[in-house]
Structure formats: C-alpha cells, structure tokens
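All you need for this note's numbering is the position in the sequence shown, starting with 1, plus 6.
Ideal Cβ positions, reconstructed from N, Cα and C, are used throughout, including at glycine.
A quick note: this is a predicted structure, and the numbers were derived from the prediction, not measured.
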Amino acid sequence: MELIVLAPGEGRISTCLYLNIEGTGILLDCGLDPMRCGDEALPDFDQLHGWPVDWILLSHAHMDQVGALPVAARRWPTAGILCSHATWDLARLQLMRHASLTSDTFYAGNSEHYPPFEVSEVQELEARVNFISRGERVLLEGGYNPQKVPVAAWDAGHIMGSLGFRFECDEQSVFYTGHTCARPQSVIQGAVYPSEADIVISESTIAWSDKHIAMTRRDEIERMAEAIAEVATLGGSILMPAFNMGRAQEILYVLHHLKRKGRIPPLPVFLGRSAWEIARLYDFHAQEDRRLLPDFLFEETLVDVFDNEMVNHLDSHGQAIYLVPSGMMREGSHSWLLAKRFVSQSLSGIFFVGHASEQSPAKSLYRASRGGCIEFDGEPTPVHCRVERFLFNSHSNRHELVETLARIAPAEIVLLNGRKDSAEVLATTLGEVLPETKVLIPQIGEIQELIGRTNQE
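Right, here's the structure in full:
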C-alpha cells in the first residue's frame, strides 16, 4: 500500500493525496492552494505518471479540497468521483463560481493566468459523481485490482457533508480523517470515528496551537457578544471577514441566537451572496445532516444579501453587521473594500472569526490593530477602529486529535502538515502517548510505503 502527497508548495495549504491499495488508485481530495495562482496552485499530477487513478474521493467541499477536481477529472477521464450529496452540491457551487471568476478575470485582461477549467467542465462532472452517506459502505473497483476495495464513510464534523473514509484491504484497514472536528460547533455535531484502524492518515491543522486548547467556543461567543454590544452602544458598525462556506453559516447562527436571547442589539446583518447561497444549501440538506438543531433553518435569520453596489452606500444602512468574504481580506474582496472604510471609523469594529495566512491583508490588519498602520493600494493607512479576533475553528485541536488517535490505537499514523509546525508538534505528543505506534510525516512527492499492523507483527 503506497501513499504520495501531491499538495502544491511547501505550505501544504491544500490537500491532495494518492493512495494505492493493491492496484486500485485513489485520490483523497483534490484541492488547489487559494494563496497561489495558475499552475502553481494545482497539485503536481505529473508525479503520478504510470500510477492508475480509478477514484477521486472528496472529504468536503472547501476549495483547498475540491478546487483541482476538474483538472484531475480531465487527466483521468474514467475515474469515478465519490462524496456525500451535500459535498457535491457545495462543490459544484464553488467550482462553477471559480470557473466564472477566473475566466472573467483572464479575458478582461486582469490576469495572466489562463483559467484552469471552464464552467462546462464542471457541468460534465455530474455524470461521474457517486454518492455515499455517513455510515454507508461501498465497494471501489480498480482496473488493476481484481478485488474491490471496501470503503465506509464516517461523519468528520468539519462542515456540512464532510466525511472521513475507512478502507479495508488484505486484513488491513486505513482511516483517512479528512479535516475533522471532534467537538460540536454551533450548527453541526462533532465527528464520529471508527473504533479501530491499522493505519490512520490524520490532519494536524491547528495542532501547534495552545490557544485553541485553552479557549472554548462558549468563551469566544461570550467575548464576541460583549464586544458587539460595546461597539453597538457607541453607535458603530461591525465588519466580520468570513469564509463563505462553513464559517459564515456558523457565525450567522451565533448572531441570530445572540439577538434572540437579547445578548446583542438587533442590528441588521448583511451576508455575502455566495454565503447566503451556501446557507440555503445547508437548509436543503438539514434533515440528512447531523445538525445540533435539526429544525433550525437559515431562512429564519432574515439577513440582507450584500452586493457590490452597497460598498459605496454604507451610510444609508445605519448601524449594521457585515459578514462578508473574504476571510483573509483578499485584495478587491468585499471585506477588503469595507475595511478601507472601517479602519478610519473610531466607533466601529473589525472582528476576525477565522484563520488568516501570514501574507494576507487580514493578518496585517490584525497585527496592526488600533493605533497601528496598514497599507491599502500602497498607501499607509492609520487604523482607528477596534480590531478583535475570536477563535472559532472547525478543526480538532491537539488534545482532541491525540485523544481520538489513542482511542483508535493504530499501528501506524501518517500526519499531514497543517499550519506552522503542527505535524511535528503532534508527532512529539503522540510519541509520548502511543510509544509503540509508528508516526510518519511524509514529504511532497515521496512514495510512502504503508505497513500497518499485520506485516509488522
């Protein structure tokens, strides 16, 4: 059994793995790097020259898991696609939007990078998608393997529709966690894991962070409620840069809940259009997903959709909360355009509710904070508004990952790199908790032979 990491670049922001099980070739996720452009953003599929690709399994629908799917599907035209119904609906929406945006940008002369795929290629994928639900077990057939590979789906608890996958082969079992969250969030329940596996391929996204261990979601909701109330009392508005999928819906529910409880004033909430389209898909799949409140629908929140023309007419809205993309304040995004206005408003606030990469404008603004300075369009701009960050996360922290892996007790653990030195920090802790378990951190392009339990004994 062989594993190859295909994610582009050293940062490992996106996920794309190749797993070969006795001749059946499987891509585990197929992401692009959102901080890169053109071919540099894509996995290096040339590394798979001579290897079969029979299936592409998608753990969830973030672009760093599905963004290169049309490119991979073009390269391997007979490969089937397997994911949950919700993941496909979300992925299709994301991919169609990305295809339109990159095409429009390129043909308008605003980018030198040719679009990686067209809208028509996304539409053509529909016929190749096979669905699997949590708790379901299906058989994967490979061209070089006379035996079908059983795979079972487990709820990953990351965003709606997210799954982990457990494979069986020659008395060995392999569990791929995908991006996973062991604890409940605000909308969806926590992950469900298998009781055993010989090999576990695990994420380590925030394993480096002690803050995420010490801070609870309830604590952060309380802090955020107090901060919103304080800004609202002064007469200010609040900008919340947020990722369209998962984070925006979680925060929208939290705001709705706080307003109903009277914890924050009933300020109108403006939500990005794409985030609202995703919220409607959350409602559509509410009964099949593991929701904490299965009867809650986002249509109850009565939000207003934020459009481009609103950027220059903020004064007409009065006090409001703007929950808009991008979470990293990518240049030209709604959050970036609004931040240019907000930083000069001493009564208002910019509240970050998610991760921001080191080179992003969001990270620069958070570091500057009130009294600092940030550049917009190359011009230094003083920051007069209140700047806060709240730790809402949809990944398991280090303690949760260790507890999960100790419970499964595999013979071999493969750690995928996360932010900073997450894999190394997690490997050190696992060495203390599971001294008999072999822990691997594979390098990009390296062929990693997975041995597991049977061949070691």
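Quick one, which of the options has its alpha-carbon nearest residue i's?
i      : options                        : result
Leu101 : Thr111, Val125, Phe171         : Val125
Pro498 : Arg98, Thr108, Gly378, Gln191  : The structure shown does not extend to residue 498, since the chain is modelled only from 7 through 463, so no value can be given for it.
Leu329 : Leu12, Glu28, Leu353, Trp282   : Trp282
Arg279 : Pro441, Glu315, Ala13          : Glu315
Leu344 : Ala326, Asp301, Gly360         : Ala326
Gly184 : Gly458, Gly437, Asn423, Val439 : Asn423
Gly170 : Asn151, Pro152, Gly196, Gln153 : Gly196
Cys175 : Leu146, Val198, Thr186         : Leu146
Arg296 : Phe358, Ser352, Gln191         : Gln191
Lys217 : Ser366, Phe398, Glu418, Pro386 : Phe398
Val128 : His91, Gly73, Gln255, Asp110   : Gly73
Glu337 : Phe382, Phe358, Ser354         : Phe382
Leu320 : Ser179, Met334, Lys346, Arg229 : Lys346
Gly86  : Gln71, Asn116, Leu33, Gly56    : Leu33
For residue i, count neighbouring C-beta atoms within 10 Å of its own C-beta (all shown protein chains included) and say buried if the count is 16 or more, exposed if not.
i      : result
Gly148 : buried
Val193 : buried
Thr222 : exposed
Gln454 : buried
Gly416 : First, the residue type needs correcting, since residue 416 is Pro and not Gly in the sequence shown. Classification of Pro416: buried, given that the 10 Å Cβ count is 16 or more.
Arg172 : buried
Thr93  : buried
Ser332 : buried
Met166 : buried
Leu299 : exposed
Asn250 : buried
Val157 : buried
Glu364 : exposed
Phe260 : Note that residue 260 corresponds to Val in the displayed sequence, not to Phe. Result: buried.
Gln293 : exposed
Ala248 : buried
Pro388 : exposed
His361 : buried
Ser352 : exposed
Ala133 : exposed
Ser322 : exposed
Pro76  : buried
Glu46  : exposed
Gln462 : Reliability of the predicted coordinates at Gln462 is poor, the pLDDT of 46 falling under 50, and the value obtained from them is presented with this limitation in mind. Classification of Gln462: exposed, given that the 10 Å Cβ count is below 16.
Could you give the DSSP three-state label for residue i: helix, strand or coil?
i      : result
Ile10  : strand
Thr30  : strand
Leu131 : helix
Leu258 : helix
Pro386 : strand
Ile450 : strand
Trp57  : coil
Trp94  : helix
Gln100 : helix
Gly163 : coil
Leu474 : Because the chain spans 7 through 463 in this model, residue 474 falls outside it and cannot be assessed.
Phe348 : helix
Lys369 : helix
Asp321 : helix
Asp2   : The shown model of the chain, from 7 to 463, leaves out residue 2, and the question about it has no answer.
Leu422 : coil
Glu313 : Note on identity: in this sequence residue 313 is Asp, with Glu being the wrong assignment. Three-state result, Asp313: coil.
Val237 : helix
Please look up how many angstroms separate the CB atoms of residue i and residue j, rounded, as I've assumed it's under 8 angstroms.
i      : j      : result
Pro448 : Val408 : With a Cβ gap of about 20 angstroms, Pro448 and Val408 do not count as contacting.
Ile356 : Val393 : 5 angstroms
Ile234 : Ile257 : The Cβ separation is near 11 angstroms, so there is no contact.
Gly31  : Asp50  : Incorrect: roughly 16 angstroms between the Cβ atoms, too far for contact.
Leu303 : Asp289 : 5 angstroms
Ala97  : Glu406 : Their Cβ separation, rounded to whole angstroms, is 26 angstroms, which puts Ala97 and Glu406 out of contact at 8 angstroms.
Leu23  : Val11  : 6 angstroms
Val445 : Cys391 : Going by Cβ atoms, the distance from Val445 to Cys391 rounds to 45 angstroms, so no, they are not a contact pair.
Ser168 : His66  : 4 angstroms
Pro200 : Phe181 : 6 angstroms
Asn136 : Leu88  : 5 angstroms
Phe112 : Pro121 : 6 angstroms
Met7   : Leu411 : That pair is no contact at about 19 angstroms.
His119 : Cys43  : 5 angstroms
Pro83  : Tyr150 : That pair is no contact at about 17 angstroms.
Leu436 : Thr443 : 7 angstroms
Taking 7 angstroms as the CB-CB limit, is residue i close to chain B?
i      : result
Ile419 : In the structure shown, chain B cannot be found, because there is only a single protein chain.
Check your understanding: Would you say the region 209–224 touches the region 395–410, given that touching needs at least three Cβ pairs under 8 angstroms?
Key -> The region 209–224, when compared against the region 395–410, does touch it at the 8 angstroms Cβ threshold.
Point to revise | the region 234–248 in contact with the region 427–437 per 3-pair CB rule at 8 angstroms | key: No, because fewer than three Cβ pairs between the region 234–248 and the region 427–437 fall closer than 8 angstroms, the two stretches do not touch.
Review point. Hey, is the region 304–311 in contact with the region 283–294, meaning 3+ C-beta pairs nearer than 8 angstroms?
Key: Contact holds: three or more Cβ-Cβ distances are below 8 angstroms.
Check your understanding: With contact counted as at least three CB pairs below 8 angstroms, one residue from each stretch, are the region 156–167 and the region 133–143 in contact?
Key -> Result yes; three or more Cβ-Cβ pairs closer than 8 angstroms.
Point to revise | Three CB pairs or more closer than 8 angstroms across the region 199–209 and the region 363–378 | key: The region 199–209 is not in contact with the region 363–378.
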